[in-house]
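This report refers to the structure that appears directly beneath it.
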């Protein structure tokens, strides 16, 4: 095929040929305009050369059969002309060739087209999470027979043992290459139990990093985890996974998990050899725990239970649900069903309460006609409590989703979000009722205790290197600036050490050669003294250079920070990584900090999304799926 995908000009052979397959093949011309009839004609459809010496057309027919089904059908039906230079009236069909085609009327297993369809089916199985045995179902076979009649669907075993593993290994290799391009890594992990009746325990692990100032995210493992869920076993799984993927644990900045005791013990430790990065509790879990604690206040708990009891009363009665739709239509109320909450998720409780308030008029109309169901209706005092609770929960409903992105930086926004929640939403006002004050006090106290001093330090630094915020939300800007200078010095020292180690390794590969000649005793003494004095002088000089280097590093970083703070803030909806891609050369030391810390996720939602999708994989239809798959 010519450059750019354009097929070369192909001409029919100079001699008259009888076989109709020559309509689809021909030769090129040389510079003098003569045909290059070298026994390797070119396919007019794809431009590929096919061996056809001494007039043998078998390879040409095989090429058409395996790669171009439309042309194959034309030949098989006898509609093609016999040659490129003869008319259709002169077409001569070779019966023996036709019979051969009828016996081999399908794509060969090794043909390009068959491999292409095999890959597409495997991709469909993996992407849409459908059972592998679908390929043996009569409906699927009928579909493939109708759409691609020349293709024979391989067995279920072929896809499970060959095609899908090949696709997995190819994808794993590609992910490994991408991960190797990162410098610093953050992670999330979570434990979950499969649905579908099996109830098997699994653990998921996602990794997050920057390449070319773009945030990357990959799920490295979703593994059967039958061992006891202790901190030691979780740490061992973490180490084994990093070893398998060839990732150095020293380059992990953080890991974000839920607040389970085993997770905290596994990663929130002062022993840097266990996990050198910072442990973060998922913001979504922290917010859920704070709100759940407030919902346990006696008056609030009673009101929520009464609403839940009402919803259950409607969900168990088809007659009430039918009457509710009639009343909604008559009262011009949105025709939506009541929502049942999940006790462990405050967001679902908020939606349940909100839907009840929206449908309160229609619900009352339904229960008014059924005297035996009047007890289901919450009391006026409970409804008043529900309305007060919603006033507080409503502004909080969007924050978890906003900080759960895998394609945009999130931890840098956590400090501003927490500041807004604690200082604005949960700030006690003069017009607040006693119940509202209690709710705000409980949530505020719980949220403030969820992040350690070290975690807040990393949050402040991450928010500082985000050009949307800089030092706007830092409690102590000077302390944050000093932290930036200290961290920049550490990164510069690491870079120097790694470069020095590389030079040492290079020099060690070519050891110097020298000859040793005996010297008189006096010369030896003089040489020993000179060596000692040289060592003393070089040590002092090295120490002075290090002090000068530290001062230079500090002054350079301070100058960068001064310039950085003088630049205007970017818009809140702008991408901070795109900003850094334009200013990294101008602010190299701060850019290294941004590259290290802006990859940290604020929530463990990436891992939770994995086991949410698992419901489609480990479904009742796939209840016998092996844990090793």
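In full-length UniProt numbering, the protein residues as written are 1 to 629.
Just so you know, even glycine gets a beta-carbon here, dropped at the ideal spot from N, CA and C.
Note that the coordinates shown come from a computational prediction; the quantities given were computed from them, not determined experimentally.
Only exposed fits residue 171, as fewer than 16 other CB atoms lie within 10 angstroms of its CB. Secondary structure note for residue 329: its alpha helix (DSSP H) is the uninterrupted segment 318–330. Assigned with DSSP and collapsed to three states, residue 245 falls in helix. The Cβ atoms of residue 284 and residue 162 lie no closer than 9 Å to each other. The C-alpha of residue 202 is placed about 20 Å away from the C-alpha of residue 127. Residue 363 is a Cβ neighbour of residue 314, given a cutoff of 9 Å.
Cα atoms of residue 222 and residue 251: separation of roughly 22 Å, rounded to the nearest angstrom. For residue 185, no alpha helix (DSSP H) segment is defined; the enclosing uninterrupted segment is the beta strand (DSSP E) at 185–193. With a cut-off of 8 Å on Cβ pairs, the stretch 564–576 is not in contact with the stretch 177–184, counting fewer than three such pairs. Ranked by Cα distance from residue 357, the first of 397, 310, 434, 487 is 310. Note: residue 289 is not bridge-paired with any residue in the DSSP secondary-structure output. Collapsing the DSSP output to three states places residue 213 in coil.
Taking residue 404 as reference, the option from 294, 188, 582 with the minimal CA-CA separation is 188.
Under the three-state reduction of DSSP, residue 255 is assigned to strand. Its chain contains 444, 447, 448 as the residues whose beta carbon lies nearer than 8 Å to that of residue 422, once the 5 sequence neighbours on both sides are disregarded; these appear in chain order.
Judged by DSSP secondary structure, residue 279 falls outside any alpha helix (DSSP H) and instead within the beta strand (DSSP E) spanning 278–281. Closest by C-alpha distance to residue 347, out of 409, 308, 297, 398, is 398. Secondary structure of residue 46 (DSSP, three-state): coil.
Contact between the stretch 453–463 and the stretch 572–591 is absent: fewer than 3 CB-CB pairs across the two stretches fall below 8 Å. Nearest to residue 416 by alpha-carbon distance, out of 159, 473, 468, is 473. Two segments are said to touch when three or more pairs of C-beta atoms, one from each, lie closer than 8 Å; by this definition the stretch 229–239 does not touch the stretch 597–610.
Considered as a whole, the stretch 127–194 harbours 185–193 as its complete beta strand (DSSP E) runs of no fewer than 3 residues, in chain order. Inter-residue distance for residue 23 and residue 76 is about 13 Å (C-alpha atoms, whole angstroms). No Cβ-Cβ contact shorter than 9 Å links residue 10 with residue 53. Within the same chain, 589 come within 8 Å of residue 556 by CB-CB distance, once the 5 residues on both sides are set aside. Put simply, the backbone Cα of residue 580 is about 15 Å away from that of residue 209. Around the CB of residue 374, fewer than 16 other CB atoms lie within 10 Å, so the residue is classed as exposed.
Taking C-beta atoms as the reference points, residue 256 and residue 282 count as a pair closer than 9 Å.
Here residue 202 is bridged, per DSSP, to 192, 224. By the beta-carbon neighbour count (other beta carbons within 10 angstroms, threshold 16), residue 16 is exposed.
Around the beta carbon of residue 318, fewer than 16 other beta carbons lie within 10 angstroms, which makes this residue exposed. DSSP places residue 296 outside any alpha helix (DSSP H), giving it a letter other than H or E.
Short of 6 Å from the beta carbon of residue 341, and not among the five residues preceding or following it, lie these beta carbons of its own chain, in chain order: 348, 349, 352.
Just so you know, the alpha carbons of residue 122 and residue 156 end up roughly 11 Å apart.
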